[in-house]
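Residue numbers (the UniProt record's numbering), protein chains in the order written: chain A, 1 to 349; chain B, 1 to 265.
Heads up, the beta-carbon is just placed ideally off N, CA and C, and yes, glycines get one too.
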Amino acid sequence: MGIRFDAVTVAYDGNVVLDALDLTVAPGEVMALLGPSGSGKTTALRAVAGFVRPASGRVFLGDRDVTDLPPHRRGIGMVVQSYALFPHLRVEDNVAFGLKARKVPKAEIRTRVAEALEMTGMAAYARRHPRELSGGQQQRVAIARALAIRPDVLLLDEPLSALDAQLRSGMLAELARLHRELPEVSILYVTHDQVEALTLADRIAVMDKARLQACGTPRELYRAPADAFTASFVGNANLLPVTVGSAGVSFADAEIAVDTAGAVPGARATLCVRPHLVGIGAGPNRLTGTVAEVQWRGATHRLYVDVAGHRVMADVRELREPPAHGDPVTVHFAPEDAVLLTAGVGGHG
Amino acid sequence: MLVHSRKARWAVWGVFLILFLPLFALPLLVVVGASFATHWSGVLPSGMTTANYQAATRGEALQALTTSLVTAVTASLLALAVGTWAALAAAGLRKRSRKVLDALFVLPVAVPSVVVGLAILVAFSRPPVLLNGTRWIVIAAHTVLVTAFAYQSVSAAITRLDPAYEQAAASLGARPATVLRRVKLPLLLPSLTAAVGLCFALSMGELSATMMLYPPDWTPLPVLIHAATDRGALFTGSAIAVVLMAATLLVLLAVSRIRTRASYR
């Protein structure tokens with residue numbers, strides 16, 4: 001079952017926290033709502049769950065308008081950041097909670113609880129209380145509890161942000177596997193972490209300041225972001241203020257060859273280059289500057305290079321003899337690796 | 001610990017004991033001592049006896065103990081029900097209406113309990129609701145007086161309760177009544193038992209409003225203690241007071257056992 005937002009606006013005391021959101025999640029699709037805190041992404045999710053009432057606009061689940069339906073009649077699975085496992089109930093009773101509330105026959109409850117715990121690898125912990133579990137295990141129980149009711153729609157609100165980095169990547173793989181096993185469930189995944197969004201989502205909706213900024217597949221948004229905010233939020237980006245010329249753009253004193261289709265000559269624009277596509281040394285689209293900072297990251301070195309008052313990041317394979325702070329350095333990138341952004345000029349860069 | 005050095009810690013304990021013993025412990029010890037005495041003219045009581053307790057645990061006194069227990073249990077359970085209900089309702093209100101409700105429930109505490117007693121006496125002394133002369137007027141007064149505490153402690157607990165729990169329950173398909181019964185009340189259980197214990201203890205010791213209201217066949221222990229000491233039977237009064245303390249403490253102990261079990265989960 002899909003989810004559709006139709007011009008959904010949410011306001012608290014006249015303060016608009018979600019501004020006319022139009023978004024469709026296809027049945028079986030994983031849609032990530034990606035944005036910084038206060039961008040309205042969690043509000044959008046809560047509007048689907050029924051915990052906030054839109055000031056205007058409608059929310060649809062499939063063909064059903066659920067805008068005026070109370071949460072308990074929406075049939076949605078939900079996992080929140082704090083997991084909200086009922087501390088007074090054992091794991092199995094937590095998972096059975098939704099089934100009991102729906103008056104599922106007792107024998108069936110037992111098999112479905114076992115099934116959900118099996119699926120999340122928590123069958124051995126059925127008799128434990130939540131406080132006896134680690135964060136990652138609690139997370140699995142929360143997912144099992146949400147899946148036990150066999151929802152058509154699963155809402156995940158920052159489900160991994162309470163876990164440490166190592167567990168997080170493990171859980172990401174878990175979530176991807178669960179979705180492969182339940183291909184008909186639509187998932188709305190709220191996160192501020194671009195890696196989670198890029199890894200898991202079929203499409204990403206980038207939100208900022210209560211508005212939808214961009215929506216597309218991770219590849220589209222990464223390769224060809226439509227605006228500077230999306231470029232910097234989906235993956236790292238060098239954003240350089242440039243002036244459009246006839247066969248390229250000019251940045252500071254340098255002429256840069258890049259595809260300028262769709263840009264008006266003489267206009268100001270932003271050039272987006274991913275740090276890992278920037279190389280050191282001579283090459284096409286050369287920029288010279290001085291090294292401001294060098295960070296060793298194991299397999300790579302990140303250089304921060306000051307070029308005409310702007311900072312350019314370059315992620316290069318670990319250097320045997322990395323440059324030092326203040327050294328002059330030349331960096332370059334291929335014309336096809338740069339994207340010219342004509343929308344959202346200024347503010348960033 | 002705020003104080004680290006051993007010397008300072010001893011000093012703090014010393015100050016604590018010097019302040020605590022005379023103010024809190026000694027008067028209670030004196031009552032216990034007096035309850036076994038027939039005379040007290042020197043430094044220590046003399047003529048040790050258990051006769052006072054024989055008087056304090058039979059006949060009139062035994063009946064008063066039952067009266068007190070029935071009154072306190074009924075009043076605190078009623079107060080818990082009313083206070084919890086009101087606190088749950090208040091949580092759903094807007095800020096302003098909520099303040100009005102808060103103020104309403106503080107009223108019986110803010111007003112001297114003698115005044116509350118008088119008000120209840122005047123209000124229920126004639127039809128349509130004629131309670132004067134029955135045990136119910138005492139129970140009603142106690143309920144009014146202790147509901148404020150039940151309301152306050154339960155509503156404090158509700159504000160601390162993470163709304164994520166009830167939202168999770170609702171998203172799983174539980175109706176509001178089910179959410180209340182299976183999630184909110186169990187999570188509030190520690191605070192509910194604390195509230196009922198507090199109400200019980202307050203009701204057991206209530207004297208001033210009770211004095212204005214009690215009918216001859218419904219005399220709670222504090223009234224009996226007051227009557228005993230009033231007619232000069234200090235040692236019998238002390239024995240009854242010890243019985244009152246012991247009964248209250250026993251019930252509180254039982255309640256706190258439920259509480260530790262509830263919060264352990």
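Limits of the unbroken alpha helix (DSSP H) element including residue i
{"i": "residue 190(B)", "result": "185-205"}
{"i": "residue 142(B)", "result": "135-160"}
{"i": "residue 179(A)", "result": "165-181"}
{"i": "residue 119(A)", "result": "106-119"}
{"i": "residue 30(A)", "result": "Element bounds for residue 30(A): not the alpha helix (DSSP H) but the beta strand (DSSP E), 30-34."}
{"i": "residue 42(A)", "result": "41-49"}
{"i": "residue 66(A)", "result": "That residue, residue 66(A), is in no alpha helix (DSSP H); it is neither H nor E in DSSP."}
Check: residue i C-beta below 7 Å from any heavy atom of the ligand GDP
{"i": "residue 41(A)", "result": "The ligand GDP is absent from the structure shown, which contains no ligand whatsoever."}
C-alpha gap between residue i and residue j, whole angstroms
{"i": "residue 346(A)", "j": "residue 233(A)", "result": "Residue confidence for residue 346(A) is low, a pLDDT of 45 falling below 50, so the modelled location carries little weight and cannot support an answer."}
{"i": "residue 76(A)", "j": "residue 220(A)", "result": "29 Å"}
{"i": "residue 137(B)", "j": "residue 191(B)", "result": "28 Å"}
{"i": "residue 127(B)", "j": "residue 121(B)", "result": "12 Å"}
{"i": "residue 34(A)", "j": "residue 168(B)", "result": "22 Å"}
{"i": "residue 125(B)", "j": "residue 187(B)", "result": "41 Å"}
{"i": "residue 76(B)", "j": "residue 94(B)", "result": "28 Å"}
{"i": "residue 91(A)", "j": "residue 171(A)", "result": "19 Å"}
{"i": "residue 12(A)", "j": "residue 191(A)", "result": "22 Å"}
{"i": "residue 8(A)", "j": "residue 198(A)", "result": "25 Å"}
{"i": "residue 256(B)", "j": "residue 150(B)", "result": "16 Å"}
{"i": "residue 322(A)", "j": "residue 281(A)", "result": "13 Å"}
{"i": "residue 141(B)", "j": "residue 206(B)", "result": "10 Å"}
{"i": "residue 63(A)", "j": "residue 106(B)", "result": "51 Å"}
{"i": "residue 196(B)", "j": "residue 246(B)", "result": "18 Å"}
{"i": "residue 155(A)", "j": "residue 260(A)", "result": "40 Å"}
{"i": "residue 69(B)", "j": "residue 243(B)", "result": "12 Å"}
{"i": "residue 349(A)", "j": "residue 308(A)", "result": "For residue 349(A), the predicted model reports a pLDDT of 35, less than 50, meaning its position is unreliable; a value from the coordinates is still stated below. Between residue 349(A) and residue 308(A), the C-alpha separation is close to 12 Å."}
{"i": "residue 159(A)", "j": "residue 83(A)", "result": "8 Å"}
{"i": "residue 51(B)", "j": "residue 91(B)", "result": "54 Å"}
{"i": "residue 66(A)", "j": "residue 45(A)", "result": "13 Å"}
{"i": "residue 13(B)", "j": "residue 25(B)", "result": "15 Å"}
{"i": "residue 129(A)", "j": "residue 228(B)", "result": "54 Å"}
{"i": "residue 315(A)", "j": "residue 268(A)", "result": "27 Å"}
{"i": "residue 87(A)", "j": "residue 131(A)", "result": "7 Å"}
{"i": "residue 20(A)", "j": "residue 50(A)", "result": "17 Å"}
{"i": "residue 212(B)", "j": "residue 16(B)", "result": "39 Å"}
{"i": "residue 257(A)", "j": "residue 285(A)", "result": "6 Å"}
Limits of the beta strand (DSSP E) - the one that residue i falls within
{"i": "residue 131(A)", "result": "Residue 131(A) -> no beta strand (DSSP E), and no H or E assigned at all."}
{"i": "residue 74(B)", "result": "Unbroken run through residue 74(B) is the alpha helix (DSSP H), 59-91; no beta strand (DSSP E)."}
{"i": "residue 187(A)", "result": "186-191"}
{"i": "residue 229(B)", "result": "Careful: residue 229(B) lies outside any beta strand (DSSP E), inside the alpha helix (DSSP H) at 221-230."}
{"i": "residue 304(A)", "result": "300-307"}
{"i": "residue 99(A)", "result": "Note, residue 99(A): premise wrong, no beta strand (DSSP E); alpha helix (DSSP H) at 91-101."}
{"i": "residue 56(A)", "result": "56-61"}
{"i": "residue 218(B)", "result": "Neither: residue 218(B) is in no beta strand (DSSP E) and is coded neither H nor E."}
{"i": "residue 22(A)", "result": "15-25"}
{"i": "residue 270(A)", "result": "268-273"}
{"i": "residue 287(A)", "result": "286-296"}
{"i": "residue 312(A)", "result": "310-317"}
Whole-angstrom C-beta distance between residue j and residue i, which should lie under 8 Å
{"i": "residue 188(A)", "j": "residue 3(A)", "result": "6 Å"}
{"i": "residue 174(B)", "j": "residue 72(A)", "result": "6 Å"}
{"i": "residue 313(A)", "j": "residue 302(A)", "result": "6 Å"}
{"i": "residue 116(A)", "j": "residue 144(A)", "result": "4 Å"}
{"i": "residue 154(B)", "j": "residue 87(B)", "result": "4 Å"}
{"i": "residue 108(B)", "j": "residue 145(B)", "result": "5 Å"}
Per-residue contacts from residue i into chain A (C-beta, under 8 Å)
{"i": "residue 88(B)", "result": "Neighbours of residue 88(B) on chain A: none; closest Cβ ~17 Å, over 8 Å."}
{"i": "residue 214(B)", "result": "Chain A residues near residue 214(B): none, gap ~41 Å exceeds 8 Å."}
Contact list for residue i against chain A, beta-carbon separation under 7 Å
{"i": "residue 119(B)", "result": "Those do not exist, as residue 119(B) stays about 40 Å from chain A at its closest Cβ, beyond 7 Å."}
Chain-ordered neighbours of residue i on chain B, where CB pairs are closer than 9 Å
{"i": "residue 60(A)", "result": "Here the premise fails: no neighbours, minimum Cβ distance about 17 Å."}
{"i": "residue 143(A)", "result": "Within chain B, no residue comes near residue 143(A); the closest Cβ sits about 12 Å away, beyond 9 Å."}
Chain-ordered neighbours of residue i on chain B, where CB pairs are closer than 8 Å
{"i": "residue 84(A)", "result": "162, 164, 165, 167, 168"}
{"i": "residue 149(A)", "result": "172, 173"}
{"i": "residue 49(A)", "result": "167, 171"}
Checklist entry - Which of the residues in the stretch 165-182 of chain A, read from start to end, lie with their CB under 7 Å from any CB of chain B? => result none
Checklist entry - When you check each C-beta in the stretch 62-81 of chain A against every C-beta of chain B, which residues fall closer than 9 Å? => result 70, 71, 72, 73, 74, 75, 76, 77, 78, 79, 80, 81
Item to check | Interface residues of the stretch 89-104 of chain A facing chain B [CB-CB below 7 Å] | outcome: 97, 98, 101, 102
Item to check | Near-chain A residues of the stretch 177-204 of chain B - C-beta to any C-beta below 7 Å | outcome: 178, 183, 186, 187
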